Amino acid sequence: MEKALKKYTWVFIGPTLLAFIIGFILPFLQGLYLSMSQFTTVKNATFVGFSNFIRAIEDAEFLNSFQFTIAFAIAAVLLINVIAFIFALLLTRKLKGTNIFRTIFFMPNLIGGIVLGYIWQILINGVLALVSEPLLALNANAGYWGLILLTCWQQIGYMMIIYIAGLSNISEDILEAAMIDGAKGMQILWKVKIPMLMSSFTVCIFLTLTNAFKLYDQNLALTAGDPNKFTEMLALNITNTFYSRAGAQWKGIGQAKAVLFCILVVVIAMTQLRATRRKEVQS
Amino acid sequence: MIQNKIKNGFIIAGLILLSVLYCYPIVLILINSFKIETAISTSTAFQLPTLETFAGFANYVQAIIANCFLTSLFYSLIITLTSVAAILLFTSMCAWFITRVASKWNKLLYYLFAFSMVVPFQMVMFTLSSTADALNLNNPFNIWIIYLGFGAGLAVFMFCGFMRSIPLEIEEASMMDGCTPLQTFFQIVFPILKPTMVSVGILEAMWIWNDYLLPTLVLDIKVYKTIPMLIQYFRGSYGRVEMGAMMASIILSILPIVLVYLIGQKHIIKGVTAGAVKG
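Chains Z and W, in that order, are what the protein sequence lines are.
Its first residue numbered 21, the first sequence is counted upward by one per residue in this note's numbering.
Its first residue numbered 136, the second sequence is counted upward by one per residue in this note's numbering.
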């Protein structure tokens, strides 16, 4: 079969490969080169070595956005997964109306980041005005927690669905055996259900972690980095470096930041996958 | 037993309260979309429309006529439909080839696809948009080529995961009977792939429909605005923000999603789960 298939190589992989080269491989390689250049368009690049990277890590705003992103990611990943897991436990108790709750909790996930950002901006600013606090544009704390609240609202439903699928995959026999051996509710949760769910945790933590680091639309719509770039996350900082700073040097610095950002996300994703994969058990 | 029943009662009451809270942000926008411009501000966001501040459908009329909502809807639809169709057709063919022909190149390609899923868009955004300009992909009718390239990672990854689980024998039998690889793929493999197609289609459609930064950088915003671009344009454009039309546009943009979701709810939830568990 392989022989016959090989004659058709380009029919099968040609279109995807061509688009992949145009849409990913070429821009990626060109991006690597441009991170070591000074340029305003791709055609007028001059090689400058690693100076863009040095300027990037010396940029206080970039460092601030790095810290803010880390602080955001830790809180968001923890909250989303803990709450989603509790929801999943509640919705697998065979209660009435489970499907309706599932439908409602999942829905925000379908709405785009820009729209979500503006919905929550109106809601949060309304609440802040009620309690006479400064609005989002001037209130860094509200910006931080607002972003977390919004991300929770958006992603809890999705992760909950994955945990529900995992929970319903655990066979009744195992749970029954544990009960016969005298395990109580909490013991079953910690000693049986959670170890059996490690692959769901791997997937959910991977998704929430990479989503948190790459977050852009919600950040732009909710706070746009206000006040004074305090709530600017990495993706927004890089995009702003490219498109809203005057001066020929900034595009190169932006591309260098993007390379650093890319390395960071890939390293974090790989580390996380390796760490939780090891804890998975075969059922 | 009675204790359990009381416990379950509390849980259901809690879940109902949570569901109401979950829907509230959207209801708030819905209420505001029926108020006149001057009555939509941070201090009046929670007030219901009164006789003086009720706007009827004026905001919706403005969103559709002055802000050309339907044009944006059209562009969003065209881009999403062409891109998802291209992704489903071409990446399933590609994934079949990669899983059935074992070679170094195919392995490399597979890892490159997986790698592209993790790479943040900022890494390629500048170079991608200039490539798009150079190749004339900067309009809603050609942009699917870019989405095929950038969305291929997830799709190939998911198709490969599924194809490893289908037995070779059927395909081999069909080739023995004289089918060409193309016939074998479209008559034997393609129908088996249907559930995975639904998963991939839903995930890619959700991403492309809501995508903001890629079309903003690739398309000319003065000529073509997708729905997310239109919403952001209310803020980004100079001058006063038209809050009324913005509220109406937000509701109009959620409406089709909610409708599709309520009709295809089962498939969507199943598809998303399958996608995540395999990915």
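Virtual Cβ for every residue (Gly too), placed ideally from N, Cα, C.
Given the structure is predicted, the values throughout are model-derived calculations rather than measurements.
Identify the contact partners of residue 245 (chain W) in chain Z, using a Cβ-Cβ distance below 7 Å as the criterion. Per Cβ cutoff of 7 Å: no residues; residue 245 (chain W) is ~11 Å from chain Z at best.
What's the gap between the Cα of residue 290 (chain Z) and the Cα of residue 138 (chain W)? When rounded, the distance between both Cα atoms is 46 Å.
Is there contact here, the segment 278-287 of chain W with the segment 38-49 of chain Z, by at least three beta-carbon pairs under 8 Å? Yes: at least three Cβ pairs fall under 8 Å.
Given a cut-off of 8 Å on the beta-carbon distance, is the pair residue 3 (chain Z) and residue 256 (chain Z) in contact? Chain Z is shown only over 21 to 303; residue 3 (chain Z) falls outside these bounds and no answer can be derived.
Looking at residue 223 (chain W) and residue 335 (chain W), is the spacing between their C-beta atoms short of 8 Å? Contact: yes.
Amino acids of chain W, ordered along the chain, whose beta-carbon sits closer than 8 Å to that of residue 215 (chain Z): Using a Cβ-Cβ cut-off of 8 Å, residue 215 (chain Z) is close to nothing in chain W; its nearest Cβ partner there is about 17 Å away.
Residue burial classification, residue 160 (chain W) (beta-carbon count within 10 angstroms, cutoff 16): The C-beta of residue 160 (chain W) has 16 or more other C-beta atoms within 10 Å across all chains shown, which makes the residue buried.
Would you identify the three-state DSSP class for residue 89 (chain Z), choosing helix, strand or coil? The DSSP-derived three-state label of residue 89 (chain Z) is helix.
Short of 8 Å Cβ to Cβ, which residues in the segment 58-92 of chain Z face chain W? Under the 8 Å Cβ criterion, the segment 58-92 of chain Z contributes 61, 62.
Reduced DSSP category for residue 238 (chain W) - H, G, I as helix; E, B as strand; rest coil: Coil at residue 238 (chain W), not helix or strand.
For residue 100 (chain Z) and chain W, any beta-carbon pair shorter than 8 Å? No, residue 100 (chain Z) lies away from the interface with chain W (no Cβ there is under 8 Å from its Cβ).
For residue 170 (chain W), which of helix, strand or coil comes out of DSSP? DSSP places residue 170 (chain W) in the strand class (E or B) of the three-state scheme.
Cross-chain neighbours of residue 367 (chain W) in chain Z, by beta carbon under 8 Å: Per Cβ cutoff of 8 Å: 134, 240, 241.
Of all the CB atoms in chain Z, is at least one closer than 8 Å to the CB of residue 285 (chain W)? Yes, because at least one Cβ of chain Z sits closer than 8 Å to the Cβ of residue 285 (chain W).
Whole-number beta carbon distance between residue 194 (chain W) and residue 383 (chain W), since they are thought to touch under 8 Å: About 4 Å; that satisfies the 8 Å criterion.
Could you tell me the alpha carbon to alpha carbon distance between residue 62 (chain Z) and residue 265 (chain W), rounded to whole angstroms? Straight through space, the alpha carbons of residue 265 (chain W) and residue 62 (chain Z) are spaced by roughly 7 Å.
Alpha carbon of residue 84 (chain W) to alpha carbon of residue 261 (chain W), nearest angstrom: Summary: the structure shown does not reach residue 84 (chain W), with chain W confined to residues 136 through 414, and so no result is reported for it.
Name the residues in the segment 255-271 of chain W whose C-beta lies less than 9 Å from a C-beta of chain Z; which are they? Listed by position, the residues of the segment 255-271 of chain W near chain Z (Cβ gap below 9 Å) are 255, 256, 257, 258, 259, 260, 261, 262, 263, 264, 265, 266, 267, 269, 270.
Would you say residue 225 (chain W) reaches chain Z, if we count a Cβ-Cβ gap shorter than 8 Å as a contact? Interface with chain Z (8 Å Cβ-Cβ cutoff): residue 225 (chain W) is included.
Proximal residues of chain W, C-beta to C-beta of residue 140 (chain Z) below 8 Å: Per Cβ cutoff of 8 Å: 160.
Backbone secondary structure at residue 59 (chain Z) - three-state DSSP: Note: residue 59 (chain Z) maps to coil in three-state DSSP.
Neighbour flag for residue 112 (chain Z) against chain W, beta carbons, 8 Å: No, no contact with chain W.
Residue 237 (chain Z) versus residue 154 (chain W): straight-line alpha-carbon distance, rounded: Whole-angstrom Cα-Cα distance: 25 Å.
6 Å Cβ shell around residue 243 (chain Z) - same chain, five flanking residues per side excluded: By the criterion of a C-beta distance shorter than 6 Å, residue 243 (chain Z) is surrounded in its chain by 156, 163, 251, once the five residues flanking it on both sides are discounted.
Does DSSP put residue 251 (chain Z) in a helix, a strand or coil? DSSP, reduced to helix, strand and coil, places residue 251 (chain Z) outside both helices and strands of the structure shown, so it counts as coil.
Can you give the Cα-Cα distance for residue 124 (chain Z) and residue 177 (chain Z), rounded to whole angstroms? Roughly 8 Å separates the two Cα atoms.
Which residues in chain Z have a C-beta closer than 9 Å to the C-beta of residue 327 (chain W)? List them in chain order. Simply none; closest approach about 16 Å.
Chain W contact residues for residue 275 (chain Z), given Cβ-Cβ distances below 7 Å: Within chain W, the residues near residue 275 (chain Z) are 261.
Would you tell me roughly how many angstroms separate the C-alpha atoms of residue 173 (chain Z) and residue 272 (chain W), rounded to the nearest one? Cα-Cα distance, rounded: 35 Å.
Take residue 47 (chain Z) and list the residues in its own chain whose beta-carbon comes closer than 7 Å to its own, dropping the five residues that flank it on each side. Once the five neighbours on either side are set aside, residue 47 (chain Z) has no close Cβ partner at all.
Taking the continuous alpha helix (DSSP H) assigned at residue 219 (chain Z), which residues delimit it? Unbroken alpha helix (DSSP H) run through residue 219 (chain Z): 218-234.
Along chain W, in chain order, which residues have C-beta atoms closer than 9 Å to that of residue 183 (chain Z)? Neighbours of residue 183 (chain Z) on chain W: none; closest Cβ ~10 Å, over 9 Å.
When you compare the CB of residue 235 (chain W) with every CB in chain Z, is at least one pair closer than 8 Å? So, interface residue.
Could you compute how far the alpha carbon of residue 408 (chain W) sits from the alpha carbon of residue 243 (chain W)? Whole-angstrom Cα-Cα distance: 27 Å.
Does the structure place the segment 64-80 of chain Z close enough to the segment 269-287 of chain Z that three or more beta carbon pairs sit under 8 Å? In short, these stretches touch, since the Cβ pair count reaches three.
Any Cβ of chain W within less than 8 Å of the Cβ of residue 193 (chain Z)? So, not an interface residue.
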